[in-house]
Every structure is written in C-alpha cells, then in structure tokens.
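There are 4 protein chains.
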Amino acid sequence: MVNDDSRTPPRRRTGLWFLGARGSVATTATLGALALARGHAPTTGLVSELPDVARAGLVGVDELVVGGHDVAGSIVERAHELAASGVVPAATVAALADDLATVDARVRPGASGTADRATADRLQADIEAFRAEHDLERVVVVDVSSTEPPAPDAHALTLTELERRLDDGTAPLPASSLYAYAAFRAGSPVVCFTPSTGPRIPALEELAKTLHLPWAGRDGKTGETLLKATLAPMFATRALAVRSWSAFNILGGGDGRTLADPAAAASKTATKAMTVEAVLGYPVEGPVRIDHVADLGDWKTAWDHVTFDGFLGTRMRMQVTWEGCDSALAAPLVLDLARLVARAHEVGVTGPVGELGFFFKDPVGSAEHALAAQWQTLTRWCAGLGDAARADGHAGVAPHGAA
Amino acid sequence: MVNDDSRTPPRRRTGLWFLGARGSVATTATLGALALARGHAPTTGLVSELPDVARAGLVGVDELVVGGHDVAGSIVERAHELAASGVVPAATVAALADDLATVDARVRPGASGTADRATADRLQADIEAFRAEHDLERVVVVDVSSTEPPAPDAHALTLTELERRLDDGTAPLPASSLYAYAAFRAGSPVVCFTPSTGPRIPALEELAKTLHLPWAGRDGKTGETLLKATLAPMFATRALAVRSWSAFNILGGGDGRTLADPAAAASKTATKAMTVEAVLGYPVEGPVRIDHVADLGDWKTAWDHVTFDGFLGTRMRMQVTWEGCDSALAAPLVLDLARLVARAHEVGVTGPVGELGFFFKDPVGSAEHALAAQWQTLTRWCAGLGDAARADGHAGVAPHGAA
Amino acid sequence: MVNDDSRTPPRRRTGLWFLGARGSVATTATLGALALARGHAPTTGLVSELPDVARAGLVGVDELVVGGHDVAGSIVERAHELAASGVVPAATVAALADDLATVDARVRPGASGTADRATADRLQADIEAFRAEHDLERVVVVDVSSTEPPAPDAHALTLTELERRLDDGTAPLPASSLYAYAAFRAGSPVVCFTPSTGPRIPALEELAKTLHLPWAGRDGKTGETLLKATLAPMFATRALAVRSWSAFNILGGGDGRTLADPAAAASKTATKAMTVEAVLGYPVEGPVRIDHVADLGDWKTAWDHVTFDGFLGTRMRMQVTWEGCDSALAAPLVLDLARLVARAHEVGVTGPVGELGFFFKDPVGSAEHALAAQWQTLTRWCAGLGDAARADGHAGVAPHGAA
Amino acid sequence: MVNDDSRTPPRRRTGLWFLGARGSVATTATLGALALARGHAPTTGLVSELPDVARAGLVGVDELVVGGHDVAGSIVERAHELAASGVVPAATVAALADDLATVDARVRPGASGTADRATADRLQADIEAFRAEHDLERVVVVDVSSTEPPAPDAHALTLTELERRLDDGTAPLPASSLYAYAAFRAGSPVVCFTPSTGPRIPALEELAKTLHLPWAGRDGKTGETLLKATLAPMFATRALAVRSWSAFNILGGGDGRTLADPAAAASKTATKAMTVEAVLGYPVEGPVRIDHVADLGDWKTAWDHVTFDGFLGTRMRMQVTWEGCDSALAAPLVLDLARLVARAHEVGVTGPVGELGFFFKDPVGSAEHALAAQWQTLTRWCAGLGDAARADGHAGVAPHGAA
C-alpha cells in the first residue's frame, strides 16, 4: 500500500479501485493491505502469498494504491465498527487511522439512478484521474458493493444497442454493469466479487474482448460454497451417492441486510446452489437459504445437512457448521484477485480468466467446481506466468505488458 | 463372486481371503460381492467401478471367490445381525443365505497364541489349498480382523532372525504379522485394512520384496480421517491457519468394543492423528478420541471441531458431524483394494503400493495425505495400468503377469 | 384396542376417530394401539403411561376402538410404507395386518369442497354411527390431517351466522373447522393436533361451550418446539439474554410435501415461532423455516442456532440438532390426548383444556409455554382427576360422567 | 462493591473471600461486582437479580467487599488477559483498574504443602482480619481455585481425629478442605464452586453443624451439565427412553490445563456424569470427556450426542453444541451464591443448603437434578426468606440474624 508518495517509487504501482469502497469487505481489505505493507500483520488468508501462487510474479501488497466509488459513510468509521465487533484488531485500526483517512479521501461518489452516458463518463473519468494522479501502471476495479437482484433485461443487449441506449438514457443496466462498462472504457480489468450482473452480459463481454481486457468472477467463494466445493468431490471420488444437500445461512451486517431482500437473495442462492450438482453431475435436492440475523453482525453461520447412500444403499448423514467472519474471509481474496488480475493484464490475458475459478462460486470461463482441481489449475497457471517472467530475465514482470 | 463352480470358468478367477472373515466388514463385503455378482445391488460406494479406476483392467466382482480365516461365529448369523441393525438389506441377506453359507464353509480356524513355525505353515497351507481347490490365478489376503495393540518388539527383527525365532517358537510377532508372513509365503499379496502391524515391519517388507509381492496399507480411511484428508487441504490452499483440530468418535459394534481397550485404541488414534499435520505441514493441537457406545451398534458418529485464524488473525470455527455405518463404508473399499492389488500383482508390482494411499489413513509408500491429490495419483496409476493392458491387445491383462 | 367384539365387554369402550385416518400419524398411532393391546410393544413414548399421568384414571389403550375419515389410500399400505422407511417395525405390521384392515374398513370418506349443511350432517352421522355400532361410551375426534393455510374469514363468524351460512352453502369454513363442527354436533370432544383452524374460531368455541364439550389444541409439540419449550426456560432462569434464535427444519413425507406450500407452512411457522418469546417475555429475532427434502421420508431434522449474552455482555452460542421421526414422535401423543380428553369429557370438563398445554405448540386455554411448568400443571390436574375417582370409590371413573 | 470507605456505611457490609482470588472466575466476578456497583454493567447472568430470587432480601452487590487467598499473580493482570481474549470488556477493565488493584492488595498468600495447625490458624486469622478491618457483618468464603484430585483418605476422619492430626501435622486433608476448616473456624459460611473435596467430608460437616454455619456446593453448573439438567427431564416427561448420552468438552485456559491432568479430571467427570442418570432413574451409557485445547483460551465447547427410543422402538438422535465462556458463565453464579449464602447465614440456616442445588452439578443436601424443579425449590425458599423479612417489618433482614 503506497500512501507516502514521497518514498522511492515502487516498480509496479497498481491501483485497486473498489466499488463499495466504504463497505465492510473493502474496508477490511484496505486495512489489511495497509497493515501488511507496514509489517503489522501476518499473511494469513492471503492465497497470493503461498509459494505456488506467488511465483506468478505478482505486484507486492505494498505496491497497491487504494481508491474507489461509494455513496456515503467513512472508511475510518467502518473500520472502528469492524474492530468493535471483533472482525479486525482495534489496535491495527488505531495505528492506521490516518492512512485509512487518506484512502477515504480518494473515494468518489458512486452511481445511483439511471444508466446514462453522463454517469458512465463520470465514473470512467474518476478511474482515469486516480490512475493519473498516482502514476499507476494500471487500476484493477473490484466490485464488493451490495448484491443486486438479477437483471434479465440486460442480457439481451448487443454492445451497439447498449451504447445507443446509454446515449438515450434508457439503458436497462443495473449499477454493477454500468460500473463495469466505465471500468472497461477506462482500460481497467474488473473483478466481480459479488453475484451481481456486472460485466457478465454479452454486450460487456464483447467490450472487454475488444479492449483486450481480462476480467474475473463471479461471487467470491468464502464459506458454505467453499465447503461444498471441497466436500462434494469427496463423495464423487468415493462413489457415494448424495441424496440431499440442504444449506442454511444466517448472517447479519450489511450483507445480511441486503440479502434479507428476496430479490437480492435470489442472485446469491443461484450461485450458491450450482456447486454440488456441477461437481457430482446429477441432480441433488435440498434448499439453499440465506436469512438475516442482525445480532450476528459481520459473522455468518452456515449449517449444511447432507444425506447420502453408501454400499448396498445404506443411508448416512453428514452435517457441517461453519462460523466465519464474512469480511475477514473475503478481504484477503479481494487482494489476491487484484494482484492476479493485474498480472493477467500485464501479460496480455483477454476476457474471462477461467483459471481463477478457485476464488468463485460461479467461475466464469470454467466448468470446474471442485476446489482441489481449481487449485491445480490456478497453480499451473501461476507457474506458467512465473516461467514467462523468468524467461525474460526480469523477475515477475512480463516483457511487453498488455493494455 | 463365483459360487456355482459348474458355470463357464471366468477369465481371471481371483481369491479374496479375509483375515476376520466372519466379522462385520468381511461379511458386508462378502454379501455385497455376492449381491453385485447377481445384479442385486448397485455399485454405490465402489471406487473401482468409477470409470477412472475401472480403466485399470480389474477383475470383475463376479470373478472373486471368497474364503478366509476366523475363530468362531458364522457369516450367515453375522449377516442377519447386520440386517437387523440396518447395515445391509434384510431381503438381500435372505436371498443370498445359501451363498453366504457356502463361503462360511471355506473359513479355516485362525491363529491364536504363539507365533511358531507350525502355525505359520498351517496358515500358509490354508491359503494354498484355497487357491488350488478353486483354481484361482491368485489369492489376495485382506486383514479386516480386530485392531491389535502396537507391537514395538517386532520392528527390530531381521528376516533371518524372524525365521529362526519362528523355528524356536519365540517370534515376537503379533497375529497380524504372522498372517502376513504366511500370506507372503503362500505367494499372496496382502492388504492391511486395520492399523495392526501386519507386514509393516522390516523383516516382512524384506520378505515381500524377495518374493516380488505387492502389498497395501494401512488402516482404511472411511470416516473422520476421510473428512480430514478432504478438509485440511482446503485450509492449506486458502492460507488459513488451523489452530486446533479436536476429533471425537463414538461407535458400537465389535470394532467399538475392541477400541474400548486403550492399548488397541492407541494403534487407531495414532493413524487418525497424522493426517492433519501431514497435510498442513505444521503442528496442530487437539485430542483424538475413540469411545465405545454399545447402543450405536455398527454405526459411528464423529464430531470434529476446528479453530482457525483468518485474515488479520480473526478467529473462526468449523464443526463437522459424520454419521456413518462402519461396515458399509469399509466393505466396498475392501473389494476395491482386492481388485486393485490383484491387478498390481498381475502386472508385477512389488512392495508397498503407494498409489493406493487414497484408501488409507497411514498410506504406506507415500507421503501424500490430501485426498484429491491421492485421487489424482490413483487415477493416473490406473490409466497407466489400463494403457499397458491395451498395448498388449488383451483387455485388462498384462503381458507377463507376475506371481 | 378392541377388535374382537366377542370378548367380555371392557368397562369404558372409547372411540378414537381420526381425521386423516390413513395418514402416517394416524396409521402409526393405530398400529401402536393395536400392538400395545396385544402386548407386542413397550409403552415408550406414551406420556399417559407415566404414573403421574396414568393416575388420572384413563381408559386403557385396549379399550380404544379406532375409526376415522379420510379420502383415499389404505392404512395397511401406509403401514407397510412406514415399515419400509424404518418408522415402525416390519414384524409388527405383518403380525397386525388383519387388525389394521379391520380399522381401515371403518374409515368413511372425508369432506372435500364446500362447507354446507349436507356435508356437515354426513360427517356427524358417520361419527354417531361409529359410536352406536361399537357401543362406545364416547368418541374422541382427533385431527391429524394435512395442515391447512390460515383461514382469516372464519374468525369473524358468530355461531348463528355459521349455522345460516351452512344452510346457504356459503360458510367460509376450512375443512378442519367443518369437521370440528360435525364432531361437536355428534357430542364428541375434539383434539386439534395440527395448526389448522379446527374449532379455534369464536363460533365453534361457543358451540363447544353450549354442548358442554371439552377440546384441546393446537399443533402437537414433537420436535423443535419441544426443545424450545425446554431450553428457553433455562435461559430465563439463568438470566441469560437471548439475542437470536434461528430455527431450520427439513423433512420429507406427506407433511413435508404439504408444508412445501408456503400458505400451509405459514400456519406451522406461526405456531412454531411463539414459544421462545412467550417464555422469555421479550422479542427475539431469527428465522423459522420449514423445507421439504423428499429424501428424508418421514424423518425430520431441525437445526436451532441460538446466540445469547452472558455476564458483562459476553456473547455465547448454542446449537441443537434434532433428528426424529415425525410419526413416531406424534403417534403416542395422539393416544395420550385421546385418553386424557376422554377423561376430561367423562368428568364434565367444558371448553379448551388448558391443562394439556404440555402437548401443544400453541396451547389453547393457557399462556404457559415452558415445558416443565406445563408438566407440573398436567400432573396436578391428573392427580385431581385421580383423587376425584378414588373419592367415589370407583377406580378411574367419575360419578356423573358428562356427555 | 465497597471501595470508598469514607462513604455512608451500607446496611449489611458483607465480605466475599475467594480461594483462588486471582484466577479467571474470581477476577471476572470481582470486575463484574465493581462494574455493577458503579452502574457500568447490566445484570445479565445474575440469577439473584431476577425478581423471584431477589425477593429473598439479599445484600446488594454494592455491599460486597472482596478479598481472598491466592498464591501468585495479579487481579489486574488477569483482568487485562481476560479482556484480550474477549471474556470481559477492555473498557471496563481500564475504567476499574484502580479498584481491581485495591482488591488485589487484600489478597493473602494461600496454603501450600502440609495441612497443619499453624497453616489452618494463619488462614483463619486472614479471614478474621479481613472482617475486622472492613467492619463486615459476615464473610462468605467461596472456593474457585483449581480442581483437586479426589481425596479418599479424608473421608474416614472424625472431627476429633482431624483436630488431633492437624496438631500432629499429619492430617490427610487436601488444600480445599483445610481452607474450609479455617473458614468455618472463622465463623464463615462456605461455597464450594469446584468439584474439590472442600467441606464435603464427615469431619467438616460436623464442624459446620457445631458452629451453626451454612455451606453450599458442589461444582458450579455452567455449561454441559446445565444442558443435561435441562434436557434430561424433557426425555423423562415425554417417556422417551434415553439409550446413550455421550459428552465431550474441550476448553483452554487455566481450568483446561488443570483438567488435562487425569487425576483432577476424575473429580470433574464424576460430578458431570451424575445428572442424566439421576434425572432419568436408569443407567445410561456414554463417555464423559474433558480435553484441554489451549487455543480456546477461556472458552469451552461441549458436544453432547444423545440417542433415544421413541414409540415402537424407533431410534432417534439429538446433538447439542454449547460454546461458552467459562468465567463469564461462572462469575455471576459466584456472586449469586455469595449473596444467597450470606442471607442463609443471616437467618440462621445450618449445614448444607440443598435449596441451592439449582447452581450445582452435585447438589449437596438434595437429590433433585432437574433444573426446572431446582428452580422451583430455589424460588420457594427465596419467597420464604422474603416473607420472614417482611413479617419482621424490616426489609430484607431477619429478626435474629445468626453469626
């Protein structure tokens, strides 16, 4: 994290632009990046610091400069709230309050209301100004804002129609997609960490391709789905026949509040429901529920109940309870993805990066949902990126960075 | 399962000789093999029927002929008991009672008392007579008898000393090792499905090598350890720091009764405890307990409680409850292993078959404990075996079968 | 259970008329009553056989004669299905198949469609004919049919209006209330074992009063709510402040299928949600969910997750998983209630019997929801009934039985 | 809590003398009493503030003066440690650090080594000096020190022999009993909050009687046993036959460390094991385990697994997980007991106070283990104490206070 601009300029200053910059996930990620850069925190939870991933030649966490869009609030206040509920250490917040305030000052007002040309231009200009002001090689845009309801109308648009309807002020785009449009236009790769639509419509997939930009998604895999992606392959490779998989989630905080809205929850339960059947290859009944329990704050508890048949049809059961802190689980993955997508951009990867499926509930660009297989795909990809860098005789930097 | 000897002789009639042939696991495996051969049961739970494993060119379940050693009891009675407690379908037992009785008639008295030459010779002769009588290509010996206490004295013997002390009648061998000695002398590969010592002492490892015999072990991975081998890699690849992993098991039945003896339980908890640290690569505190609850019968319940650190040190928890039927989980793996070790023998594999670590808590011949990695190793090995067979133009049979 | 009419007539032959006589609960209760009468089953699960309750002077289980209303199906077939899914012993079903068929032959077609005078008269005549044919002292009508959606319109009716609109054929009565009307008109006490409306509307409460009939309800407390009624008082008397109580239920079978309909589930979640707040006396957030998982068959699993504050605000958690068999939990309570309500009728109790709140989620006639307090109320009441009987010098029978 | 001695003297200044005054439980109780007296904390967790108990006419929490025996350490440091692990609020510790230091200065060195007359005299003198110095009406001695192994030899002593062997310096008394001897000699009632022997030997029971002193015990019921005392009666009153009850506890902290010693754990598992069978009246198999997991700190997790038979023998299961903070659960009960035993002393109660069984795993003076029944006994007793006080026209004080 670079905050003291008078220091010797780092090699690959990289912007990390959050959509929802003052939310819990972005605040935790920002605090963590600052703490890591100062040596105040261990690298626990950071996949990108594991040797098999780090070998890809990633930008340092201390090379990240954070900014973003959001509506209201304050990163500093949010950090204090998170400390009060045990998500982040109070001492770390106290020590880094000034740095958090510096990041907060970079946050620009987000989009609200209609998806028109003027708004798109303004959002794009914000990102470009951030890049210019901080002399950044690139800016990765990461969506960690509130989950939106599904947006079926946006899927029918061509890029040409989208452009025309932005001009008309009638584009049927949800906010996440308008942000993605602006990000691509600003030359930024995009990470969709939520189940919102974002760039996942034909018009924007075409735009990313045209502009030679990588993007990654969808919906970070942090808790129950992580367990499903881990456990379902066990049943598959042991030839045990899963008969039902019921999944119940309770959580508080802002995310819980958003998901108390059935329309928004529909986006989430859709991505949560796909893993088990994708791994097993046959239909498995069972509900997937998300309920808001305000008292839990930023903590979430998932209970999964699985019935399965063994040899000679003997019926058995497994139950799992996962008690995690949503922001603490998501924040390091956000930093991982920013670093990995920045590297993909640097070496000229275009379109959805399927090799990053390890991180997502609904892995765009990949049909693989089993965690261990996703891990192998990821680490092979990272090895390739690292070899490319070494072949060039320049540790961790590709010869002719794309974009 | 071949019981009607007047049928057209199958291609590779293979013996499956159980140590503990009248126990719950062997009875369930025997019943299942009979039921599968008659088309009375689906292949649920049989790893060897999954395409990636079956491609190795394995003997058919209907080519297996079952016999074994045991002390007392009756396979038919045991099968009825298992049906009464819901482990196997009562209708299947009723339909196959005569076939079970045929197998029971092949069971020879096991060893008890001192490990001397005469006993070893008798056990060896039993296996050889079984092979001759049923015209079997080979006999795989599978230990599913009661878990023994650790036997530290046996580890110090050389093969020469072992032979001498068998002659003297003073060999410090536990029964499982005496059986393994006899099996190797009879030219049989061995599968150690329990945590007992079996062939896992230098003298017997040397014997297996000398006789060019494969063997596999140790301690089938059927429940809690299966979960550990599945879940620990998730923590590792997500860079989450596991702080404690507490594991409690309750079970009834014969296995539970045996393990109520602290000496026998010591063998079991030793193999159960190694997985998590082997996968993670750092020490993790937490008890591993096995307790006998007679009321559970053949069912076992495991509760695992895991604490781990996430980003910025945030502490989280996972709990898993596994409610399985011990025999129903173990029996198909026993058939899988018999088929795979028979194939290994056929193609001339010698010594511990590390590629079978997928099946074991304490995988002899391999340092890998992560289930998905073990699965990959297994399926690659099976692919190689299959390719070898095809290269020879003879489906499923290697050119110069060993033994 | 009286099936052999040639036997010496028992003292107090009592009819047990099920609404939903061929459903799982009624079939299990019928089978159990037959088995108990023959000495084929222990009294496990029968509250009415505990000394503190039995002292009330209840009719013997062998004095019950079972009949009922239902639409289609067969008690014998249902019993075989229940045996196949492990709810009842197959041997018991086989031994009592003829007796079950005898009961099945007494089942009359139930109501469907409009609530009019003709239907009411027919239902009433069925009950009266059953009483006459079997020479019964009284017939207790027990509703164990499928849960209905709430029926708000029925609550506004006076008895006079109800009678007029039955004549018109426009009565806004759900089936459960039409049955209750017919039962009261037939002089029968009623037990509402489901959350359906039944007699719980002003018009029918007035009718019961007018006819001096007792009735009891509502919604049998068999699983999760039983736990809530047990555990919530612990928090109350330990001054621990419950902050959230989340309750998730999965079940298969007919009940699960019915409750997959959100309208029917609304009746159930309403009664399930009241216990905790009623005991604690303050609002407690948290979802109450019921989901259908067909694979579970007649089995249901509930997961409750509770957060609470202790001393100095320290936050703690409790989780409970309950894995029960719905019919096996409900059936003995149905027999208990039939015996207790018969006794209430015998001694002239009129209106809702609040002393039976121990059995219900929504105890009509009582504000007490704590299980131990309900138990105390029940056993005091039973002691009083027993004392009355003894004072009369006639074991178990009141001097001037009502009805 | 009285710290400012210049204030108007309160009505009934009462001493609370902790054995183990610098341990987690005593520190949390002390902090809580100070916080309550200053109005810095709610009364959550304090049973003695519930109206049904408070009516007994108890001393105010602000009338308690805390002191005690301990070996080493510091209450202030311990409080900071507890705050760091989330047991108590850091702000409360900071605000009350001076008051905690004042209490710490009153702590006298505890006993270690032989049980002789000189040590007994010194311990007695400490308590008497504390009473005199602070002008206290009485001093209640509460044992919250580390659990000792069972002490079978002490049970054979008569009081005469005990006195003689104290003179000889050969008394076979564990420390907890030597403290109890000294406390009684100082005229103090005693509360045994641990499973250690304490006053529970004939010689000391005789001494308490002779001196007209009340005492209460044994082993505070704070977690798993609280659940057992709550849930076992549910099975009993529903006539469900419990077949097994397995109980596993993991905890860290000092208590966990002590209980990692099998000898000390034996005391604890003995008191933990009695509840279920005492309530149900028949033997129930199943292990009771306590294991030390340092990582859990002051937190403990219990997993209980229960199997039971329902109607027609249908087997069902219940599982409970309890995640609590040991000190936060115990501390308010310690204050409750001090206030209640002080009141018992005031009104002249002598010997074990069975009415306080609500608080204990092994309720001395009572055979009742069901929580709701214990609650009723407690509140009736409190009502009686309150009525006595009112009859005297003097709120909360009995006419002829003992001591």
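Chains as they are written, first to last, in my numbering: chain S, 119 to 521; chain U, 119 to 521; chain F, 119 to 521; chain H, 119 to 521. C-beta atoms are modelled at their ideal positions from N, C-alpha and C, and glycine is treated no differently. Since the model is a prediction, treat every value here as computed from it, not as a measurement.
If the criterion is Cβ atoms closer than 7 Å, does the pair residue i and residue j meet it?
{"i": "S:H330", "j": "S:T495", "result": "no"}
{"i": "H:A197", "j": "H:L182", "result": "no"}
{"i": "S:V262", "j": "S:S306", "result": "no"}
{"i": "S:A151", "j": "S:L453", "result": "yes"}
{"i": "F:L137", "j": "F:Y297", "result": "yes"}
{"i": "H:V211", "j": "H:V309", "result": "no"}
{"i": "S:L280", "j": "S:A321", "result": "yes"}
{"i": "U:C500", "j": "U:V171", "result": "yes"}
{"i": "S:G191", "j": "S:R140", "result": "yes"}
{"i": "S:T315", "j": "S:I368", "result": "no"}
{"i": "H:G371", "j": "H:G338", "result": "no"}
{"i": "F:F366", "j": "F:R407", "result": "yes"}
{"i": "U:A289", "j": "U:A233", "result": "yes"}
{"i": "S:A357", "j": "U:L164", "result": "yes"}
{"i": "U:A202", "j": "U:P351", "result": "no"}
{"i": "H:A300", "j": "H:A354", "result": "no"}
Using the Cβ count rule (16 or more neighbours within 10 Å means buried), how would you classify residue i?
{"i": "F:R131", "result": "buried"}
{"i": "S:V260", "result": "buried"}
{"i": "F:P169", "result": "exposed"}
{"i": "U:L498", "result": "Residue identity differs from the one stated: residue 498 of chain U is Arg in this sequence, not Leu. Per the 10 Å Cβ criterion, exposed."}
{"i": "F:G335", "result": "buried"}
{"i": "H:P273", "result": "Position check: residue 273 of chain H holds His in this sequence, whereas Pro was assumed. H:H273 comes out exposed."}
{"i": "H:G157", "result": "exposed"}
{"i": "F:D253", "result": "exposed"}
{"i": "F:E195", "result": "exposed"}
{"i": "S:A326", "result": "buried"}
Along the chain, where does the alpha helix (DSSP H) that runs through residue i open and close?
{"i": "H:D217", "result": "215–223"}
{"i": "U:R196", "result": "193–202"}
{"i": "U:R249", "result": "235–251"}
{"i": "U:A301", "result": "293–303"}
{"i": "U:H187", "result": "Taken as a continuous stretch (DSSP letters only), U:H187 belongs to no alpha helix (DSSP H), being part of the beta strand (DSSP E) at 182–188."}
{"i": "S:R282", "result": "277–286"}
{"i": "H:R256", "result": "First-last for H:R256: 256–261, but that is the beta strand (DSSP E), not the alpha helix (DSSP H)."}
{"i": "H:R461", "result": "444–464"}
{"i": "U:A172", "result": "169–172"}
{"i": "U:V397", "result": "380–398"}
Starting from residue i, follow the beta strand (DSSP E) in both directions and report where the run begins and ends.
{"i": "U:R361", "result": "359–369"}
{"i": "U:G150", "result": "Per DSSP, U:G150 belongs to no beta strand (DSSP E); it is in the alpha helix (DSSP H), 142–155."}
{"i": "H:T419", "result": "417–427"}
message = Check whether the region 381–392 of chain S and the region 437–450 of chain F touch, using three or more Cβ-Cβ pairs below 8 Å as the test.
response = Three or more beta-carbon pairs separated by less than 8 Å are not found between the region 381–392 of chain S and the region 437–450 of chain F, which leaves the two stretches without contact.
query = For the region 452–466 of chain U against the region 363–379 of chain U, are there 3 or more C-beta pairs whose distance is under 8 Å?
reply = Taking one beta carbon from each stretch, the region 452–466 of chain U and the region 363–379 of chain U have fewer than 3 pairs nearer than 8 Å; the two do not touch.
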